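For what it's worth, the numbering used here labels the leading residue of the sequence shown as 29, then goes sequentially. All C-beta atoms in this analysis are idealised placements derived from N, C-alpha and C, irrespective of residue type, glycine included. Only a predicted model underlies this, so the values are computations on that prediction, with no experimental measurement involved.
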Amino acid sequence: MKRVLIGMSGGVDSSVAAYLLKKEGYEVIGITMSLFTKEEDQSVIDAKEVCQKLNIEHHVVSYVDEFKNHVINNFIESYLNAKTPNPCIECNKFLKFGLLWNKAKELNCDYIATGHYAKIKDNKLYKINSPKDQSYFLYKINKEVLPHILFPLSSYTDKESIRKIAEKENLVTARKKDSQDICFIENGDYASFLEKNMDQLPNKGNFILEDGTIIGKHKGIIYYTIGQRKGLGISYEYPLYVIKIDKNNNQVILGKEEQLYNNTIIINDVNLLVDQLPKTCTGKIRYKYQQTQCNIEVIDVNTIKVKFKENVKSATPGQALVLYDNDICLGGGTIKEIYSE
Numbered sequence: 029m030k031r032v033l034i035g036m037s038g039g040v041d042s043s044v045a046a047y048l049l050k051k052e053g054y055e056v057i058g059i060t061m062s063l064f065t066k067e068e069d070q071s072v073i074d075a076k077e078v079c080q081k082l083n084i085e086h087h088v089v090s091y092v093d094e095f096k097n098h099v100i101n102n103f104i105e106s107y108l109n110a111k112t113p114n115p116c117i118e119c120n121k122f123l124k125f126g127l128l129w130n131k132a133k134e135l136n137c138d139y140i141a142t143g144h145y146a147k148i149k150d151n152k153l154y155k156i157n158s159p160k161d162q163s164y165f166l167y168k169i170n171k172e173v174l175p176h177i178l179f180p181l182s183s184y185t186d187k188e189s190i191r192k193i194a195e196k197e198n199l200v201t202a203r204k205k206d207s208q209d210i211c212f213i214e215n216g217d218y219a220s221f222l223e224k225n226m227d228q229l230p231n232k233g234n235f236i237l238e239d240g241t242i243i244g245k246h247k248g249i250i251y252y253t254i255g256q257r258k259g260l261g262i263s264y265e266y267p268l269y270v271i272k273i274d275k276n277n278n279q280v281i282l283g284k285e286e287q288l289y290n291n292t293i294i295i296n297d298v299n300l301l302v303d304q305l306p307k308t309c310t311g312k313i314r315y316k317y318q319q320t321q322c323n324i325e326v327i328d329v330n331t332i333k334v335k336f337k338e339n340v341k342s343a344t345p346g347q348a349l350v351l352y353d354n355d356i357c358l359g360g361g362t363i364k365e366i367y368s369e
């Protein structure tokens, strides 16, 4: 019997994933990563209760320090450097498919599993035909781990189906609310989180137009991101958007909506999930952004130039650009530079 270690977050997705694995005949071991406190929180309690209900072994491991070092500190540093990070991607890379796989090997497990909505087939990562597809957030995991990953929810396209299974099996997580986008940010208020966790607040500076005209004062570069229109506090003859953030000069550059469109992006910190990239594929510059046709040029092992056939809007330094060949996730990288040619 194959042994599988499944990450149990205390939510309904991972609960049902564990149930499905056991139903398929695997020897299932549950593990919950404690990321914020060494004390048991509600997520740990719920995960433990689900494992008891399913009659499977359950472990709790504290990765508080690792989570802070790899995810939270990166989040803060990115904003200080005028970048908009994606902490879920870093967490998946270092913790859920890094440390979790190491733990699985310690426990003599053949596989690791999670409640992600994605698919592994022939040692490749595939997106699923669902708005819930999460392959975008998984592009940075180590290619060598792919043969050892199971996604039990890959054939499910909606959350209600998952909840019905949980209700049928009387799992305590059946009607538990979905987790928020960024687990360590309360109510999506990232600015308050940064203020509480930074050594000192950033300096105020100038809002300028692209020609250098000063048109107001900004609160500090951490409060702005590319494409932002609301909350600028500026009245002007036409609607203004953040089109660029200049960390070195502490300036936020504003412009017209049309200035948010570009066709060429340089990505670095590249991670590939396939042995060879095609010349033409599609790319997503954000999780909810449509896949857009592009040509790619590999500059070096860590850098790729992506030229889109149609302009993309509000590409943002620090965010991920993920590449696809039809449904296969090829990998991707972090957006470094944006321009048109």
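Are the beta-carbon atoms belonging to residue i and residue j less than 7 angstroms from one another?
i: residue 111; j: residue 346; result: yes
i: residue 62; j: residue 90; result: yes
i: residue 180; j: residue 49; result: yes
i: residue 109; j: residue 275; result: yes
i: residue 40; j: residue 201; result: yes
i: residue 190; j: residue 44; result: yes
i: residue 60; j: residue 46; result: no
i: residue 118; j: residue 102; result: yes
i: residue 309; j: residue 349; result: no
i: residue 104; j: residue 85; result: no
i: residue 363; j: residue 254; result: no
i: residue 123; j: residue 357; result: no
i: residue 221; j: residue 291; result: no
i: residue 137; j: residue 31; result: yes
i: residue 288; j: residue 207; result: no
i: residue 1; j: residue 199; result: In the structure as shown, the chain begins at 29 and stops at 369. Residue 1 is therefore absent and cannot be evaluated.
Tell me the DSSP bridge mates of residue i?
i: residue 202; result: Its beta-bridge partners do not exist; DSSP assigns none.
i: residue 194; result: Residue 194 is not bridged to any residue.
i: residue 309; result: 322
i: residue 55; result: 31
i: residue 246; result: 233
i: residue 365; result: 294
i: residue 253; result: In the DSSP output, where bridge partners are listed per residue, residue 253 has none listed.
i: residue 140; result: 33 and 177
i: residue 299; result: 360
i: residue 332; result: 295 and 326
i: residue 148; result: 153
i: residue 60; result: 88
i: residue 341; result: 289
i: residue 348; result: 362
Determine the direct distance from the alpha carbon of residue j to that of residue i, and round the result to whole angstroms.
i: residue 245; j: residue 367; result: 26 angstroms
i: residue 121; j: residue 265; result: 45 angstroms
i: residue 267; j: residue 237; result: 12 angstroms
i: residue 128; j: residue 239; result: 50 angstroms
i: residue 151; j: residue 182; result: 14 angstroms
i: residue 167; j: residue 299; result: 7 angstroms
i: residue 71; j: residue 296; result: 35 angstroms
i: residue 215; j: residue 29; result: 43 angstroms
i: residue 210; j: residue 340; result: 25 angstroms
i: residue 271; j: residue 194; result: 45 angstroms
i: residue 64; j: residue 80; result: 24 angstroms
i: residue 156; j: residue 73; result: 31 angstroms
i: residue 354; j: residue 227; result: 45 angstroms
i: residue 269; j: residue 305; result: 35 angstroms
i: residue 321; j: residue 83; result: 48 angstroms
i: residue 316; j: residue 332; result: 22 angstroms
i: residue 203; j: residue 161; result: 21 angstroms
i: residue 99; j: residue 148; result: 25 angstroms
i: residue 273; j: residue 283; result: 12 angstroms
i: residue 92; j: residue 225; result: 15 angstroms
i: residue 307; j: residue 178; result: 30 angstroms
i: residue 359; j: residue 125; result: 15 angstroms
i: residue 164; j: residue 212; result: 20 angstroms
i: residue 217; j: residue 301; result: 33 angstroms
i: residue 205; j: residue 242; result: 45 angstroms
i: residue 53; j: residue 285; result: 54 angstroms
i: residue 88; j: residue 259; result: 42 angstroms
i: residue 145; j: residue 188; result: 14 angstroms
i: residue 256; j: residue 113; result: 15 angstroms
i: residue 262; j: residue 94; result: 41 angstroms
i: residue 135; j: residue 313; result: 38 angstroms
**Study point:** Runs of beta strand (DSSP E) wholly within the stretch 62-121 (minimum 3 residues, chain order)
**Key:** Runs found: 85-90.
Check your understanding: Using 8 angstroms as the Cβ pair cut-off and three pairs as the minimum, do the stretch 172-180 and the stretch 320-327 touch?
Key -> No, because fewer than three Cβ pairs between the stretch 172-180 and the stretch 320-327 fall closer than 8 angstroms, the two stretches do not touch.
Review point. Does the stretch 34-42 come within contact of the stretch 128-145, defined as at least 3 CB pairs closer than 8 angstroms?
Key: Enough Cβ pairs lie closer than 8 angstroms, so yes.
Practice item. Could you pull out every unbroken beta strand (DSSP E) segment of at least 3 residues lying fully inside the stretch 257-291, listed in chain order? Key: Listed in chain order, the complete beta strand (DSSP E) runs (minimum 3 residues) inside the stretch 257-291 are 269-274 and 279-283.
Review point. Using 8 angstroms as the threshold, is the stretch 277-291 in touch with the stretch 227-242, meaning 3 or more CB pairs across them?
Key: By the criterion of at least three beta-carbon pairs nearer than 8 angstroms, the stretch 277-291 is in contact with the stretch 227-242.
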